[in-house]
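Residue numbers (this note's numbering): 213 to 479.
Pasting the structure below:
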């Protein structure tokens with residue numbers, strides 16, 4: 213029996229050596245061979261959010277989805293992450309599929325807009341191809357795609373109003389994420405997808421809310437953050453800002469379901 217086991221181990225080692233030679237060192241390994249590494253992260257700009265994420269910020273080399281109702285602070289959260297990455301000497305890119313980037317607001321949040329890479333693509337395919345090329349370069353630390361809902365497939369843009377294009381958006385997202393995931397991990401780039409909420413039709417029980425772009429992003433994201441306005445901050449009748457609450461609904465690098473609150477002030 214021991215001779216049989218030795219022969220198996222020898223055959224396994226030969227296979228591992230062959231795979232290392234073909235695809236590079238460390239492609240396949242025993243889990244015990246690799247030292248336990250701390251997860252590298254980009255600070256969020258809020259101590260509460262960093263603690264809720266469990267690794268002192270957003271994990272590097274992962275996909276992060278931030279979703280919530282309109283004007284809940286989704287873009288603000290990503291701009292703070294960009295500012296923190298730039299402070300540490302990193303390079304950031306913002307794919308503005310919504311064509312709504314506010315330079316002045318980004319500057320106020322500490323973003324170095326002069327060195328921020330920005331793109332305003334014409335369609336979803338172009339946006340995701342630009343993102344893929346930036347990630348593959350290995351030079352970019354953080355990429356924000358704003359938003360998934362605005363990644364309209366080219367065929368939908370070129371079609372007539374009212375044409376049925378069922379499932380095209382979800383298929384585009386699924387295909388893109390299959391291509392991007394391995395590259396994101398290898399280049400240690402953190403990629404944010406900002407997403408919007410929609411109401412499912414005919415839901416009687418349970419939560420009727422769902423995110424756009426199908427289910428692929430739910431699976432591929434290592435961290436999913438639900439962001440909501442909790443209350444208004446007022447001085448008399450004047451609204452000065454919002455008390456904002458985030459919940460980590462999915463976390464592959466630390467325990468999930470933690471919450472944090474912070475203030476977003478106007479002006």
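Each residue gets a CB set at the ideal place from its N, CA and C atoms; glycine is no exception.
Simplified DSSP state of residue i, which is helix, strand or coil
{"i": "residue 443", "result": "strand"}
{"i": "residue 324", "result": "coil"}
{"i": "residue 235", "result": "helix"}
{"i": "residue 377", "result": "coil"}
{"i": "residue 332", "result": "coil"}
{"i": "residue 424", "result": "coil"}
Endpoints, alpha helix (DSSP H) assigned at residue i
{"i": "residue 432", "result": "428 to 432"}
{"i": "residue 390", "result": "380 to 399"}
{"i": "residue 342", "result": "336 to 348"}
{"i": "residue 259", "result": "259 to 265"}
{"i": "residue 298", "result": "286 to 299"}
Cβ-Cβ separation, residue j to residue i (assumed contact under 8 Å), whole Å
{"i": "residue 393", "j": "residue 407", "result": "Wrong, their Cβ atoms sit about 17 Å apart, outside the cutoff."}
{"i": "residue 285", "j": "residue 445", "result": "Rounded, the Cβ-Cβ distance is 13 Å, inconsistent with contact."}
{"i": "residue 384", "j": "residue 363", "result": "7 Å"}
{"i": "residue 358", "j": "residue 287", "result": "6 Å"}
{"i": "residue 314", "j": "residue 298", "result": "About 17 Å separates the two Cβ atoms, so there is no contact after all."}
Counted within 10 angstroms of its Cβ, other Cβ atoms place residue i as buried (16 or more) or exposed
{"i": "residue 333", "result": "buried"}
{"i": "residue 457", "result": "buried"}
{"i": "residue 271", "result": "buried"}
{"i": "residue 255", "result": "buried"}
{"i": "residue 274", "result": "buried"}
{"i": "residue 443", "result": "exposed"}
{"i": "residue 438", "result": "buried"}
{"i": "residue 220", "result": "exposed"}
Run of the beta strand (DSSP E) containing residue i, from where it starts to where it stops
{"i": "residue 449", "result": "Careful: residue 449 lies outside any beta strand (DSSP E) and carries neither H nor E."}
Exercise. Taking one C-beta from the stretch 432 to 439 and one from the stretch 450 to 464 each time, how about it: are there three or more such pairs within less than 8 Å?
Worked result: Yes: the two stretches touch, three or more of their Cβ pairs being nearer than 8 Å.
For this session: Check whether the stretch 371 to 386 touches the stretch 302 to 310, counting contact only when three or more Cβ pairs, one atom from each stretch, lie closer than 8 Å.
Result: Counting Cβ pairs under 8 Å, fewer than three are found: no touch.
Exercise. Three or more beta-carbon pairs under 8 Å between the stretch 380 to 391 and the stretch 348 to 367, yes or no?
Worked result: Three or more beta-carbon pairs drawn from the stretch 380 to 391 and the stretch 348 to 367 are found closer than 8 Å, and the two stretches are therefore classed as touching.
Exercise. Are the stretch 272 to 282 and the stretch 316 to 330 in contact at 8 Å, needing three or more beta carbon pairs?
Worked result: Taking 8 Å as the limit for Cβ pairs, the verdict is that the stretch 316 to 330 does not touch the stretch 272 to 282.
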